[in-house]
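This note's numbering numbers the first residue of the sequence shown as 3 and each following residue consecutively.
In what follows, a structure is listed as structure tokens, so that the remarks can point back to it.
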Amino acid sequence: EGETFSHELIYQEARKFIREKADQPFFAYLPFTPPHGHWMMPQDDPAWLKYKDIDWDAGMQKGEDDAKYYAAMVELIDRQLGEIIELLKELEIDNNTIIFLCGDNGGQNYFFTDKHPHGFFAPNKDPKTGKVFRGGKGNYYEGGLRIPFLVRWPGKIEAGSTSGHLGYFPDIMPTLAELAGIEAPEYHDGISIVPTLMGESQQQHKYLYWEDNKGNTAVRMDFWKAVRPKGKDTWELYNLYSDIEEQKDLAKQKPEILKQMMAFAEAAHTPHKQGKILDPGAKFQGHEFK
Numbered sequence: 003e004g005e006t007f008s009h010e011l012i013y014q015e016a017r018k019f020i021r022e023k024a025d026q027p028f029f030a031y032l033p034f035t036p037p038h039g040h041w042m043m044p045q046d047d048p049a050w051l052k053y054k055d056i057d058w059d060a061g062m063q064k065g066e067d068d069a070k071y072y073a074a075m076v077e078l079i080d081r082q083l084g085e086i087i088e089l090l091k092e093l094e095i096d097n098n099t100i101i102f103l104c105g106d107n108g109g110q111n112y113f114f115t116d117k118h119p120h121g122f123f124a125p126n127k128d129p130k131t132g133k134v135f136r137g138g139k140g141n142y143y144e145g146g147l148r149i150p151f152l153v154r155w156p157g158k159i160e161a162g163s164t165s166g167h168l169g170y171f172p173d174i175m176p177t178l179a180e181l182a183g184i185e186a187p188e189y190h191d192g193i194s195i196v197p198t199l200m201g202e203s204q205q206q207h208k209y210l211y212w213e214d215n216k217g218n219t220a221v222r223m224d225f226w227k228a229v230r231p232k233g234k235d236t237w238e239l240y241n242l243y244s245d246i247e248e249q250k251d252l253a254k255q256k257p258e259i260l261k262q263m264m265a266f267a268e269a270a271h272t273p274h275k276q277g278k279i280l281d282p283g284a285k286f287q288g289h290e291f292k
């Protein structure tokens, strides 16, 4: 009886899995969907009760409480991550468990108004410097590519330490393989970041490359960033060291650098392969009550 938040079912299954595997090596992948553009929360959840009566001057997406729902979803995930860490401590495997936490894409400027042009929560605005990462989810400017990435391993990784290493998702596979003491699959584009986690010297990527079937393309080489947005035939070039907001296109001033990065893009490109949907009924249903 009653209403059950579908995300909660996933979370409880994850906790059950960790308990069952606590006495052996395990890999738990938790693809949490909130926060997302489907605004929904159980009305009795502590996170929703915290925000539901707050009077916020936030822009609306679908309804006047959307920003409150979004804040509650963030708080929900924060609370549940803390509960998972407490579970690891209870099972006495906390010091032998490494946690990776990251987003899957750049922020969306949800709930924007004239007062909050970058969104009420301003996910791509640095609160200390006021600088804004250009773009957001769905494109290859910094606002679409930069994501939060946190790693926790008590006694192994120095708490509060940071790194300027330039990495991306394919680095996770060889990293996990090295931590597990096994060989990574033969074909992968990643570089293990274990040295970075241990505070040691790290191998660097020669360049990073992105493309999608919408026509967006980008190349990153050290602090240089080349972008070809969808619908355009020409490339833009930015120096992220001096222009993190990507406002000064240097394509005409630095033709040799752009030529090199375009060559990287040509070498990295492979034809798109259309996948197949094996079970259409298993598509994402949104954060709905059941």
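For glycine and all other residues, C-beta sits at the position ideal for the given N, C-alpha and C.
(Q) If you follow the beta strand (DSSP E) that Ile-153 is in, where does it begin and where does it stop? (A) Looking at the sequence itself, residue 153 is Val, so the reference to Ile does not match. Start and end: 151-154.
Q: Could you tell me the boundaries of the alpha helix (DSSP H) in which Trp-50 lies?
A: 48-53
Q: Following the continuous beta strand (DSSP E) through Arg-230, name the residue where it begins and the one where it ends.
A: 226-230
Q) Alpha carbon to alpha carbon, what distance is there between Gly-109 and Tyr-72? A) 13 Å
Q | Length of the line joining the Cα atoms of Lys-158 and His-190 | A | 26 Å
Q. Using a Cβ-Cβ distance under 8 Å, would Leu-147 count as near chain E?
A. Absent from the structure is chain E; it holds one protein chain and no more.
Q. Rounded to a whole number of angstroms, what is the C-alpha to C-alpha distance between Gln-249 and Tyr-240?
A. 8 Å
Q) Does the Cβ of His-274 have 16 or more other Cβ atoms within 10 Å, making it buried, or fewer, making it exposed? A) exposed
Q: Tell me where the beta strand (DSSP E) around Leu-103 begins and ends.
A: 101-104
**Q.** Backbone secondary structure at Asn-111 - three-state DSSP
**A.** coil
(Q) Any contact between the stretch 68-86 and the stretch 32-49? By contact I mean 3 or more CB pairs, one from each, below 8 Å. (A) yes
Q.
Count Cβ pairs between the stretch 78-91 and the stretch 118-129 that sit closer than 8 Å; are there 3 or more?
A. no
Q. Roughly how many angstroms lie between the CA atoms of Gly-162 and Ile-149, to the nearest whole one?
A. 18 Å
Q: Measuring alpha carbon to alpha carbon, tell me which of Lys-278, Asp-214, Ser-244, Asp-245 ends up nearest Thr-272.
A: Asp-214
Q: Give every residue of the same chain whose Cβ lies closer than 8 Å to the Cβ of Gly-39, excluding the five residues on either side of it in the sequence, and list them in chain order.
A: Gln-63, Gln-110, Tyr-112
Q: Report the residue ranges of all beta strand (DSSP E) runs contained in full by the stretch 178-221; include only those spanning at least 3 residues, in chain order.
A: 210-213
Q. Since Tyr-72 is in the beta strand (DSSP E), which residue starts that stretch and which ends it?
A. Here Tyr-72 belongs to no beta strand (DSSP E); instead the alpha helix (DSSP H) covers 68-92.
Q.
Suppose you measure from the CA of Lys-2 to the CA of Lys-52; what does that come to, to the nearest Å?
A. With the chain covering 3 to 292 only, the question about residue 2 has no answer from this structure.
Q) Grouping DSSP H, G and I as helix and E and B as strand, with all else coil, what is Met-175? A) helix
Q: Would you list the residues sitting across from Leu-239 in a DSSP beta bridge?
A: Ala-228
Q. For Met-223, which three-state DSSP category applies?
A. strand
Q.
Suppose you measure from the CA of Thr-236 to the CA of Tyr-211; what does that come to, to the nearest Å?
A. 17 Å
Q. When DSSP labels each residue in this structure, what does Lys-261 get in the three-state scheme?
A. helix
Q) Roughly how many whole angstroms lie between the Cα atoms of Pro-156 and Gln-204? A) 21 Å
Q) Taking DSSP as the reference, what is the three-state secondary structure of Lys-23? A) helix
Q.
Which of the three DSSP states is assigned to Lys-18 in this structure?
A. helix
Q. If you draw a straight line from the alpha carbon of Ala-1 to that of Ala-267, how long is it in whole angstroms?
A. Not covered by the structure: residue 1. The range shown for the chain is 3 to 292.
**Q.** Same chain, Cβ closer than 8 Å to Gly-4, neighbours up to 5 away in sequence not counted
**A.** Any reading at Gly-4 needs caution, since the residue's pLDDT is 36, under 50, leaving its predicted position unreliable; the model's value is listed next. Cβ within range, chain order: n/a, list empty.
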